[in-house]
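What follows is a single structure, written as structure tokens, with notes after it.
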Amino acid sequence: MPREGTGPDFIEALARGLEVITAFEPHRPEMTLAEVATAAGLARPTARRILLTLEELGYVRAGGRGYALTPRVLGLGVAYVRSMGLWDIARPHLERLVARTNESCSIAQLDGSDIVYVARVAVPKIVGLSVQIGTRFPALPTSLGKVQLAALPPDELEVVLAQPTRSGLVPRWQPDRVERDAELREVRARGWALTDEQLALGIRSVAAPLRDGSGRVIAGVNVNCHAAETPVERLLEHHLPLLLQAAGEISADFARLHDVPHVTVPAVS
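Counting in UniProt numbering, the sequence shown runs from 1 upward without gaps.
Below, the structure is given as structure tokens:
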């Protein structure tokens with residue numbers, strides 16, 4: 001995150017506060033003051049003032065060895081999802097898809113070279129990686145990431161993938177540029193993506209893009225399964241058609257929502 005803005009209205013203190021929040025990652029959920037300062041690239045006195053402010057606001061708590069985020073931080077992400085209306089639109093479609101496949105289904109969006117989960121309906125199955133709202137994975141080895149990366153212009157794709165992952169996860173699939181481009185061309189041509197244990201052992205999924213009214217890809221939706229339980233043939237022959245139908249319905253509903261004029265009327269006291 002840049003600490004120097006492009007104009008006089010840029011608030012450096014706010015940028016630094018966000019840097020401190022995003023410094024906490026899966027492999028370092030609790031950090032000392034010195035560790036926070038180093039991770040955020042800040043002087044220790046500055047990091048301390050920010051942490052104390054965030055603690056007073058309820059976003060950070062002081063623990064045994066240092067500081068950790070509180071669940072209140074989730075509210076920042078929830079505000080984003082609610083502002084889009086995506087969860088309200090997608091929920092019935094995801095629930096129907098889960099009922100028809102008996103597999104967990106999720107929606108994720110690109111954030112740099114990662115995907116971040118913004119909606120999910122899960123079934124109680126044991127899989128190799130825990131997923132919840134806010135979980136991030138490297139985009140390229142995931143079906144959710146592939147359908148979104150495939151929609152990017154070439155120049156933008158390179159910029160996105162040049163950013164380091166903040167997931168703390170090293171995927172099994174490490175393609176070179178030729179293999180990567182071939183994979184994304186195939187995804188672009190057929191309109192959906194498959195990942196078969198490319199992110200981690202036992203994880204198999206298929207995803208389709210979600211689009212807004214202009215046809216722009218805004219997210220991905222997937223069906224996720226355990227590789228030992230669901231063969232690729234079952235995933236493609238049974239789950240994929242249901243997924244494509246759900247993706248089309250979610251996209252259509254999202255487009256209709258944003259075509260409807262919204263008027264806020266003050267409450268009558």
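Glycine included, each C-beta is placed from N, C-alpha and C at the ideal position.
In this structure Val60 does not touch Ala40 by the C-beta definition: roughly 13 Å separates them, more than the 8 Å allowed. Scanning the stretch 113-171 for uninterrupted beta strand (DSSP E) segments of 3 residues or longer gives 114-121 and 136-138, listed from N- to C-terminal end. His27 is classed as exposed because its beta carbon has fewer than 16 other beta carbons within 10 Å across all chains shown. Here Leu42 carries a coil assignment [DSSP, helix/strand/coil].
Counting along the chain, Arg61 sits inside the beta strand (DSSP E) bounded by residues Val60 to Ala62.
For Ile89, no beta strand (DSSP E) encloses it; the enclosing alpha helix (DSSP H) starts and ends at Leu86 to Thr101. Beta-carbon to beta-carbon, Val206 and Leu240 are separated by about 5 Å, close enough to satisfy the 8 Å threshold.
Between the stretch 184-191 and the stretch 120-135 there are fewer than three C-beta pairs closer than 8 Å, too few to call the two in contact. In the three-state DSSP reduction, Ile218 falls in the strand class (E or B).
Ala252 is not bridged by DSSP to any residue.
Counting C-beta pairs with one atom in each stretch, the stretch 224-243 and the stretch 162-176 have fewer than three that are closer than 8 Å, which means they do not touch. When only Cα atoms are considered, Ala90 and Glu179 end up about 33 Å apart. Judged by DSSP secondary structure, Arg16 falls within the alpha helix (DSSP H) whose first and last residues are Glu12 to Ala23. CA-CA distance, Leu76 to Val118, rounds to 12 Å. Within the same chain, and ignoring the five residues on either side of Arg96 in sequence, the residues whose Cβ sits closer than 8 Å to its Cβ are Ala246.
Gly202 is not a Cβ neighbour of His238, given a cutoff of 8 Å. For Ala207, the beta-bridge partners assigned by DSSP are Ala193 and Asn222.
Here the C-alpha atom of Pro164 lies approximately 31 Å from the C-alpha atom of Leu235. By the Cβ-count criterion, Leu210 is buried, with 16 or more other Cβ atoms from all chains shown falling within 10 Å of its own Cβ.
Setting aside the 5 residues that flank it on each side, Phe24 is surrounded in the same chain by Leu69, each with a C-beta closer than 6 Å to its C-beta; the list follows chain order. DSSP places Leu199 in the coil class of the three-state scheme, outside both helix and strand. Closest by C-alpha distance to Leu140, out of Asn102, Gly220 and Arg72, is Gly220.
Boundaries of the beta strand (DSSP E) harbouring Leu110: Ser104 to Asp111, taken from the DSSP string. The distance from the Cβ of Pro138 to that of Ser113 is about 6 Å, consistent with a contact at the 8 Å cut-off.
By alpha-carbon distance to Gly145, the top candidate from Gln132, Val160, Thr101 and Ile133 is Val160. Between Val98 and Ala108, the beta carbon gap of about 16 Å keeps them out of contact (Cβ cut-off 8 Å). The beta carbons of Ser167 and Arg204 sit no closer together than 8 Å. For Leu69, the uninterrupted beta strand (DSSP E) segment begins and ends at Tyr67 to Leu69.
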